[in-house]
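Following numbering that gives the first Met the number 0, the numbering of the sequence shown begins with 0 at its first residue and continues without gaps.
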Amino acid sequence: MARRGDRRRRRSRHRWKRGGRAPAADRSHRRHARDEGLLPGDLRPGLLGDPVRHARRGAGGRQRHGIRASGVDLHALDRACRARRRRPRVRERDDQRGTRVARRPDALRRHEGLREHEGRARLHDPGDDRGAARRARRAVVSIRAAVLYEFERPLVVEELELDPPKAGEVLVRMAASGVCHSDLHVVQGVHPTKLPVVLGHEGAGIVEEVGPEVAGLAPGDHVMLSWLPYCGRCRQCARGRPNLCENVAWYDATMEDGTCRFHRNGQRIHHYNTSSFAERSVVPARTAIKVDPALPLTELALMGCAVMTGIGAALNTARVRPGDTAAVVGCGGVGLNVVQGARIGGASTIVAVDVVPAKLELARELGATHTVDASAGDPVEAVRDLVPGGVDHAFEALGRPGTIETALGLTGRGGQAVLIGMAPPDARVPLDALTLTLEERRVRGSWYGSCVPLRDFPFLVELYRDGRLRLDPLIATCTLDDVNDAFGRMEAGETARNVIVYDTN
């Protein structure tokens with residue numbers, strides 16, 4: 000007959016296997032491993048598992064501890080660091096002094112030939128001479144940039160000083176930058192930020208310098224830039240929703256460490272996303288996606304915002320499927336890419352709604368099956384004449400209360416209205432609550448096309464290579480000195496997307 004203490008120990012072991020508290024012996028092993036630096040303090044069994052406990056097992060399944068007096072269990076170390084995205088701190092016994100000493104991560108990597116980047120360990124060739132180029136440091140460089148000093152005032156194109164990149168950052172020589180309505184909203188004070196600031200968030204260019212702890216990028220690489228530097232640690236990032244990251248540094252108009260790389264005569268100049276209205280900019284390395292040098296950077300720059308926002312709203316947020324019906328209210332740079340996204344998704348009917356005939360014609364060219372001039376009458380009635388009962392997906396790409404109401408009125412039973420445009424903070428729109436309930440209509444937002452950058456940017460590139468994604472018709476080029484005129488043309492609806500082109504020679 001089992002004694003009471005034996006039964007308690009067995010129950011304790013079973014609870015730990017189900018994710019409960021570990022038995023005393025296992026807790027002591029975990030405390031020892033945590034003290035040695037191999038196990039993060041808040042890693043719990045039942046979630047990611049125990050990298051030390053499951054690292055090494057001997058004959059008969061008996062556990063052998065992953066720490067040795069004369070060596071380190073690198074597999075356990077790799078798993079622990081991957082789980083916590085932290086640099087390893089390894090302690091081992093110094094046989095000569097009989098005490099425990101810390102081995103620095105750099106020495107560990109040199110000893111074992113490992114290079115760690117964002118939690119993934121990979122083999123590093125000690126003969127790779129690109130490491131010297133990565134570590135090369137430059138002094139502060141002089142650049143030209145468009146700076147906003149006051150809201151509702153023109154940008155000032157002037158010379159600034161740019162600091163070299165810090166850990167986890169790269170310096171990019173811009174080749175092209177799109178001029179977006181979000182930048183105009185900042186200029187107008189609709190969505191204010193800290194001043195002075197270098198605007199621009201839709202860019203592509205060539206890496207000139209990489210900071211410490213950056214792998215996968217080297218000087219000379221061609222990159223397109225995602226404007227959302229997700230942290231990879233918060234609740235939303237853990238859910239696979241990096242576009243909703245809770246710790247995005249640009250909300251404070253700084254880099255991730257709270258400082259700025261731009262300054263002029265001792266005054267710091269703030270960042271706005273990638274700050275692509277500058278000849279050169281420093282950005283987080285995770286926002287720079289390497290691309291084929293044969294692809295035109297002028298067109299790839301648009302993928303950083305307008306294309307991803309529009310295509311992603313159709314394919315990620317709304318999940319347009321073959322045979323669906325769609326309407327797009329507002330055919331600017333984002334709206335026209337929603338049209339393309341609905342076409343790529345297989346929609347049978349795509350209705351473009353705008354007041355500018357040239358934009359409606361361009362929408363036809365990019366995939367719209369019908370167009371409606373909203374200035375010629377009630378657009379809701381016109382669309383419902385084309386699609387009896389309303390559409391499955393209605394996209395609003397302007398951010399105005401009137402056009403949001405239009406999109407809501409276009410949806411049919413079981414349909415959804417997807418709001419993409421950046422509305423003013425005080426905008427309010429009435430809802431017919433009873434109709435939403437009786438007809439199961441939905442209203443949802445779409446932020447940055449609900450994208451996962453490392454997954455979706457390569458997908459956009461493949462669409463472009465295959466000819467299914469067209470960018471040429473959207474682009475009107477200009478220079479940095481013409482940035483204020485570009486805002487005027489965009490506000491007047493004369494162009495789909497103005498793109499600043501820089502001299503990269």
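For glycine and all other residues, C-beta sits at the position ideal for the given N, C-alpha and C.
Please read all numbers here as calculations on a predicted model, not as lab measurements.
Beta-bridge partners of residue i, as assigned by DSSP
| i | result |
| --- | --- |
| M302 | None; M302 has no bridge partner. |
| E158 | R143 |
| Q235 | DSSP output for Q235 lists no bridge partner at all. |
| N497 | V178 and A475 |
| A393 | A326 and A416 |
| Q266 | R263 |
| D353 | D372 |
| V209 | V169 |
| L224 | A287 |
Euclidean distance between Cα positions of residue i and residue j
| i | j | result |
| --- | --- | --- |
| P452 | S225 | 7 Å |
| M223 | M302 | 8 Å |
| I403 | V140 | 45 Å |
| E298 | L385 | 34 Å |
| E490 | N497 | 11 Å |
| L314 | G239 | 16 Å |
| H369 | I349 | 6 Å |
| L462 | L468 | 5 Å |
| E255 | T436 | 43 Å |
| K289 | A432 | 46 Å |
| E149 | P228 | 26 Å |
| P292 | P153 | 34 Å |
| R234 | G388 | 40 Å |
| P145 | P429 | Strictly speaking, residue 145 in this sequence is Ala, with Pro absent from that position. The alpha-carbon atoms of A145 and P429 are separated by roughly 39 Å. |
| H221 | G265 | 32 Å |
| T476 | I499 | 6 Å |
| A217 | R320 | 39 Å |
| I474 | A305 | 11 Å |
| E158 | T410 | 50 Å |
| Q193 | G413 | The sequence given here has Lys at residue 193, not Gln. Distance between the alpha carbons of K193 and G413 is about 42 Å. |
| C330 | C179 | 13 Å |
| T273 | T258 | 14 Å |
| C450 | V355 | 29 Å |
| P191 | Y271 | 11 Å |
| D377 | N483 | 34 Å |
DSSP-derived helix/strand/coil call for residue i
| i | result |
| --- | --- |
| R260 | coil |
| G411 | strand |
| V338 | helix |
| T348 | strand |
| H180 | helix |
| M489 | helix |
| L430 | coil |
| M307 | helix |
| R52 | Since pLDDT at R52 reaches only 35, below the 50 mark, its modelled position is unreliable, and the value read off the structure follows with that caveat. R52: coil per DSSP, three-state reduction. |
| L38 | Confidence at L38 is low in this model, with a pLDDT of 35, below 50, so the placement of that residue is unreliable and no value is reported for it. |
| T253 | coil |
| R285 | helix |
| S280 | strand |
| V189 | coil |
| G506 | Since the first residue of the chain shown is 0 and the last is 504, residue 506 is not available in this structure. |
| D484 | helix |
| V319 | coil |
| S449 | helix |
| A217 | coil |
| T505 | Residue 505 falls outside the range modelled here, since the chain spans only 0 to 504, and no answer is possible. |
| P295 | coil |
| K436 | For the record, residue 436 in the displayed sequence is Thr; it is not Lys. Reduced to three states, the DSSP call for T436 is helix. |
| V247 | coil |
Span of the alpha helix (DSSP H) around residue i
| i | result |
| --- | --- |
| F458 | P452 to R464 |
| A362 | P356 to L365 |
| V327 | Per DSSP, V327 belongs to no alpha helix (DSSP H); it is in the beta strand (DSSP E), T324 to V328. |
| V382 | P378 to L385 |
Check whether residue i and residue j have beta carbons under 8 Å apart
| i | j | result |
| --- | --- | --- |
| I545 | F276 | This structure leaves residue 545 out entirely; the chain is present only between 0 and 504. |
| G202 | D182 | no |
| V390 | V382 | yes |
| A174 | I205 | yes |
| E212 | V171 | no |
| A422 | R399 | yes |
| A416 | E395 | yes |
| M307 | D502 | no |
| S347 | G366 | no |
| G231 | P164 | no |
| A351 | V338 | yes |
For residue i, the first and last residue of its enclosing beta strand (DSSP E)
| i | result |
| --- | --- |
| M421 | Per DSSP, M421 belongs to no beta strand (DSSP E) and is neither H nor E. |
| W200 | Looking at the sequence shown, residue 200 is not Trp but His. Segment: none, H200 is in no beta strand (DSSP E) and carries neither H nor E. |
| D372 | H369 to D372 |
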